[in-house]
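Here the structure comes first, spelled out in C-alpha cells, and everything after it is commentary.
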C-alpha cells in the first residue's frame, strides 16, 4: 500500500522520543525504530511493569484525513490490536496495550523483539538461507499460523518483513493489521474492502486475494509461506514464475 506524496501522512513527522513520552506518560520512550505505511514504531518501557515494549503510533492527522478514512487505517489499527490480543503463541508477537495518547494519536504497545526481520536476515546471510536453517524457520511460521487458523484468525500479509527473528533465533510473526476472522465475509467485514485498501503485498498474495467474488481463506497464508520459502532458498522473489 502506498500513500500519495501530498497525503497527510507524507507531511507528518514522527514525534521525538521526548515528545511522545510527554503525550504517553505511562511509557518511557527510548528511541524511534522506524516509520512505515501506518505511522511509526518506537522502543519503550511500560513503566508500571518495567517491561520493554515496541510502541506503534498511528498519527491522528492520518486517521482523520480523507485518505486515511478511505484506507480504514483506524479500523486496521484496531483490528491488529484485537487479532494479536486474541492469540497467545510463542511465535506470535504479543500485544500488551492499546489506546490513544493525550494528543489523540492511536498507539499499540507490543512485545519487543530484539532482532531483525526475515528480509534483512536473508541479506545478512548473503542473500540466501541454507536449507537446514530455512526449514526450522518455516516450520515455526507454519506452527504459529496453524494456531492462528485454529483460533479463527487469518493473517493475510505473510512476507519476510512480517516475520521477525530475535537474537536467540526465535521466530515471531508480526503485523496482523490485515488479519480477519475466518467467520467474516470475503473482505474481512467491518468495511474493510478490496476497493478501499490494498490487501496484502502483491509478491506474496494468492490469486484469490484480488479475484472478483472470491472468498480468501486460510490457504492464502499457506500460499504466502510457499513464496517466502522459495525466496529464502533461492534469494529470488518468484514474480511471474508460476501461475497457480
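Residue numbers (this note's numbering): -3 to 240.
Just so it is clear, CB atoms sit at the ideal spot from N, CA and C, and this is done for glycine as well.
Range covered by the alpha helix (DSSP H) that runs through residue 19: 13 to 19
Nearest-angstrom Cα separation, counted from residue 81 out to residue 90: Approximately 7 Å between the Cα atoms of the pair.
Those residues which DSSP pairs with residue 107 across a bridge: DSSP, once it has assigned bridges, lists 49 as partnering residue 107.
Those residues which DSSP pairs with residue 56 across a bridge: The partner list for residue 56 (beta bridge, DSSP) is empty, contrary to what the question assumes.
Option in 133, 76, 175 with minimal Cα separation from residue 150: 175
Close-in-space but distant-in-sequence residues of the same chain around residue 123 (CB under 7 Å, 5 per side omitted): Sequence-distant partners of residue 123 (beyond 5 residues in either direction) whose C-beta falls short of 7 Å from its own C-beta, in its chain, are 231.
Span separating the alpha-carbon of residue 134 from that of residue 221: 8 Å
Delimiting residues of the beta strand (DSSP E) encompassing residue 140: Unbroken run through residue 140 is the alpha helix (DSSP H), 127 to 146; no beta strand (DSSP E).
Straight-line Cα distance separating residue 158 from residue 102: If I take the Cα positions, the gap works out to 21 Å.
Reduced DSSP category for residue 230 - H, G, I as helix; E, B as strand; rest coil: helix
Residues near residue 255 in its chain [Cβ-Cβ closer than 8 Å; skip 5 each side]: Nothing about residue 255 can be reported from this structure: the residues present for the chain run from -3 to 240 only.
Within 8 Å, strictly: CB atoms of residue 110 and residue 162: For residue 110 and residue 162, yes; Cβs fall inside 8 Å.
The segment 9 to 17 contacting the segment 30 to 42, beta-carbon criterion three pairs below 8 Å: Touching, yes.
Alpha carbon of residue 56 to alpha carbon of residue 14, nearest angstrom: When rounded, the distance between both Cα atoms is 18 Å.
Buried/exposed call for residue 234, threshold 16 Cβ in 10 Å: exposed
Three-state secondary structure (DSSP) of residue 235: coil
In DSSP terms, what residue 95 is bridged to: Partner(s): 103.
Sequence-distant residues of its chain with Cβ nearer than 7 Å to residue 136 (five each side left out): 87, 167
Terminal residues of the beta strand (DSSP E) in which residue 43 lies: Here residue 43 belongs to no beta strand (DSSP E), and DSSP marks it neither H nor E.
Own chain partners of residue 30 with C-beta closer than 8 Å, once the 5 adjacent residues on each side are dropped: 36, 37
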